[in-house]
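**Q** Residue numbers (the numbering used here): 128 to 261.
Heads up, the beta-carbon is just placed ideally off N, CA and C, and yes, glycines get one too.
No experiment lies behind these values; they were computed from the predicted model shown.
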Amino acid sequence: MLEFDGKLSSIASTEHLLRPLEDAVALGYEYLRACGVCGERKVCIYIHLKSLGDGFLAELTGVSVEVSPDTVVDEYVVKLLGYASTVRSRRGSVEFYAGPGTAVGVYYMTCRDKLVAVDVEPVEYEEVLLLGGD
């Protein structure tokens, strides 16, 4: 059985995440990145699959927002900088990562609706540590 924590279910379409997360549990993955698009920005949510003995809990560990390197530093970007625990260059874009404490706020600062993840992939624990998660 797979459960979703309140933070994760408040920002993501759990209906779209259920199958990929069940597959990840079956394959033994512990951390995942689920990405989608909000307007012009790529948004990713970081998920920890925590064993509960008789099932798993999918819990939110962070949110990242990617912008192009030539994005004008406007009020939105300044706010992202304020909330981000990590800023890095990633695949030709700039990624702002916010940990679990500010993830929901950063998500809704960027998106109006729940994220429909179109790309879900495993993430190494070391990357989660690097980003400032767990």
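1. Determine the contact status of Tyr173 and Tyr156, defining contact as a CB-CB distance below 8 Å.
2. Under the three-state reduction of DSSP, which class applies to Gly259: helix, strand or coil?
3. Are the CB atoms of Glu149 and Arg168 within a distance shorter than 8 Å?
4. Is it the case that the stretch 179–194 contacts the stretch 214–234, given that we only count it when at least three CB pairs across the two stretches are under 8 Å?
5. Residue ranges of each beta strand (DSSP E) run of no fewer than 3 residues wholly in the stretch 154–185, ordered along the chain?
6. Alpha carbon to alpha carbon, how far is Phe223 from Tyr234?
7. Go to Val231, then tell me how far its beta strand (DSSP E) extends in each direction, as first and last residue.
8. Compare the C-beta of Ser178 against all C-beta atoms of chain D and say whether one is closer than 8 Å.
9. Using a threshold of 8 Å, state whether the C-beta atoms of Thr237 and Cys165 are closer than that.
10. How far does the alpha helix (DSSP H) with Glu78 in it extend, from its first residue to its last?
11. When we look at the beta-carbon of Arg239 and count the other beta-carbons within 10 Å, is it buried (16 or more) or exposed?
12. Buried or exposed, going by whether 16 or more other CB atoms sit within 10 Å of the CB of Ala153?
**A** In this structure, then:
1. As a working mapping, residue 173 is identified with position 46 in the sequence shown. As a working mapping, residue 156 is identified with position 29 in the sequence shown. Their beta carbons are not under 8 Å apart, which means Tyr173 does not touch Tyr156 by this criterion.
2. In the sequence shown, the residue the question calls residue 259 occupies position 132. In this structure, Gly259 counts as coil in the three-state DSSP scheme.
3. For the purposes of this step, residue 168 is identified with residue 41 of the sequence shown, where counting begins at 1. For the purposes of this step, residue 149 is identified with residue 22 of the sequence shown, where counting begins at 1. No, these two residues do not count as a Cβ contact at 8 Å.
4. With the cut-off at 8 Å, the stretch 214–234 and the stretch 179–194 touch.
5. List check, beta strand (DSSP E) in window: 158–165, 168–178.
6. On the sequence shown, residue 223 is found 96 positions in, with the first residue counted as 1. On the sequence shown, residue 234 is found 107 positions in, with the first residue counted as 1. Approximately 11 Å between the Cα atoms of the pair.
7. Position 104 of the sequence shown, counting from 1, holds the residue named residue 231. Note, Val231: premise wrong, no beta strand (DSSP E); alpha helix (DSSP H) at 230–237.
8. Judged by its chain identifiers, the structure shown contains no chain D, having just a single protein chain.
9. For this step, residue 237 is matched to residue 110 along the sequence shown. For this step, residue 165 is matched to residue 38 along the sequence shown. In this structure, the beta-carbon distance from Thr237 to Cys165 falls below 8 Å.
10. Limits of the chain in this structure are 128 at one end and 261 at the other, which puts residue 78 out of reach.
11. Position 112 of the sequence shown, counted from the first residue, corresponds to residue 239. Classification for Arg239: exposed.
12. Reading the sequence shown from its first residue, position 26 is the one you call residue 153. Residue burial annotation: Ala153 is exposed, with fewer than 16 other C-beta atoms found within 10 angstroms of its C-beta.
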